[in-house]
Amino acid sequence: MIILSPTSFEFPDVSSAEEDGLLAIGGDLSIERLLLAYKNGIFPWYNEDEPIQWWCPDPRFVLFPNELKISKSMRNVLKKNNFSFTINKDFKQVVTNCQSIKRKEQEGTWISKPIVDAYTKLHEQGYAHSAETWYNNELVGGLYGIRLGKIFFGESMFSKMPNTSKFAFIRYVQHLKKENVCLIDCQVYTPHLESLGARMVNRNDFMSLVYLST
């Protein structure tokens with residue numbers, strides 16, 4: 237296993253990643269290292285009691301904005317206007333909700349305090365963004381991630397009511413499409429995002445898009 241130097245921000249070539257996508261461990265969550273990671277198609281993902289782990293899986297789970305799928309039931313949700321949508325209105329609250337929300341497939345959360353602090357700094361520098369769903373002035377769903385050039389690297393999402401993360405995701409993808417964003421990186425497979433049009437692409441194709449678009 238490749239262990240990153242605490243003083244050097246270099247990453248190994250993504251082709252050296254293990255079969256599950258694990259590329260390296262160690263390093264830190266500084267703005268410089270995180271931005272370099274995303275520009276090379278790499279993201280951090282680890283439990284709080286573990287060293288930082290850096291991933292670049294093959295294949296990669298992505299959504300092309302032109303392939304966004306909106307089901308009939310979600311079209312009805314969008315038409316009813318029961319929810320309102322905002323961008324970057326409350327980034328910190330979105331991240332902390334992603335951190336605390338209970339998920340069926342997970343015992344805990346990978347979003348530790350260092351992760352919250354690091355991505356909040358990225359938000360303050362204009363790199364990390366949030367999309368929010370509101371109901372009666374209460375935040376009930378949303379997502380956050382990193383925007384570099386024409387790619388949005390999604391990190392996490394949450395729902396407190398049915399369909400509220402889907403609502404934020406659909407509205408945000410529609411917004412990003414207008415801004416000529418060409419790819420949404422969903423990182424790893426979930427049926428939730430597959431239902432919205434996300435699919436697998438091989439890592440070489442993904443990396444070509446990253447290098448051309450960030």
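Counted the way the numbering used here counts, the sequence shown spans residues 237 to 450.
Glycine included, each C-beta is placed from N, C-alpha and C at the ideal position.
This one's a predicted model, so the numbers in the text were calculated from it and none came from an experiment.
Beta strand (DSSP E) segment containing residue i, residue limits
| i | result |
| --- | --- |
| Ala-368 | In the sequence on display, residue 368 carries Glu and not Ala. Unbroken beta strand (DSSP E) run through Glu-368: 364 to 371. |
| Cys-405 | Residue identity differs from the one stated: residue 405 is Phe in this sequence, not Cys. Where Phe-405 is concerned, there is no enclosing beta strand (DSSP E), although the alpha helix (DSSP H) it sits in stretches over 400 to 414. |
| Gln-289 | 289 to 291 |
| Tyr-380 | 374 to 384 |
| Ser-395 | 387 to 395 |
| Thr-322 | 320 to 323 |
| Met-436 | 435 to 437 |
Alpha carbon of residue i to alpha carbon of residue j, nearest angstrom
| i | j | result |
| --- | --- | --- |
| Asp-326 | Ile-267 | 20 Å |
| Pro-242 | Ala-273 | 14 Å |
| Leu-304 | Met-237 | 37 Å |
| Gly-344 | Ile-351 | Because Gly-344 carries a pLDDT of 46, less than 50, the predicted location of this residue cannot be relied on, and no value is offered for it. |
| Asp-249 | Arg-296 | 16 Å |
| Asn-317 | Ala-404 | 13 Å |
| Ser-401 | Ser-431 | 13 Å |
| Pro-427 | Ile-288 | 26 Å |
Cβ-Cβ distance between residue i and residue j below 8 Å
| i | j | result |
| --- | --- | --- |
| Thr-369 | Phe-300 | no |
| Ile-391 | Ser-348 | Note that residue 391 is Glu in the sequence shown, not Ile. Contact flag unset, no. |
| Phe-394 | Asp-421 | no |
| Val-417 | Lys-386 | yes |
| Gly-377 | Ser-366 | no |
| Ile-382 | Leu-314 | no |
| Leu-265 | Pro-280 | yes |
| Gln-294 | Gly-263 | Checking the displayed sequence, the identity of residue 294 turns out to be Asp instead of Gln. Not closer than 8 Å, so no. |
| Leu-358 | Thr-450 | no |
| Arg-439 | Cys-292 | yes |
Opening and closing residue of the alpha helix (DSSP H) in which residue i lies
| i | result |
| --- | --- |
| Thr-356 | 349 to 360 |
| Asp-421 | Unbroken run through Asp-421 is the beta strand (DSSP E), 419 to 423; no alpha helix (DSSP H). |
| Val-313 | 308 to 316 |
| Val-331 | 327 to 336 |
| Leu-429 | 427 to 430 |
Counting only runs that start and end within the segment 263 to 302, where is the alpha helix (DSSP H) found for 4 or more residues in a row?
-> 267 to 275
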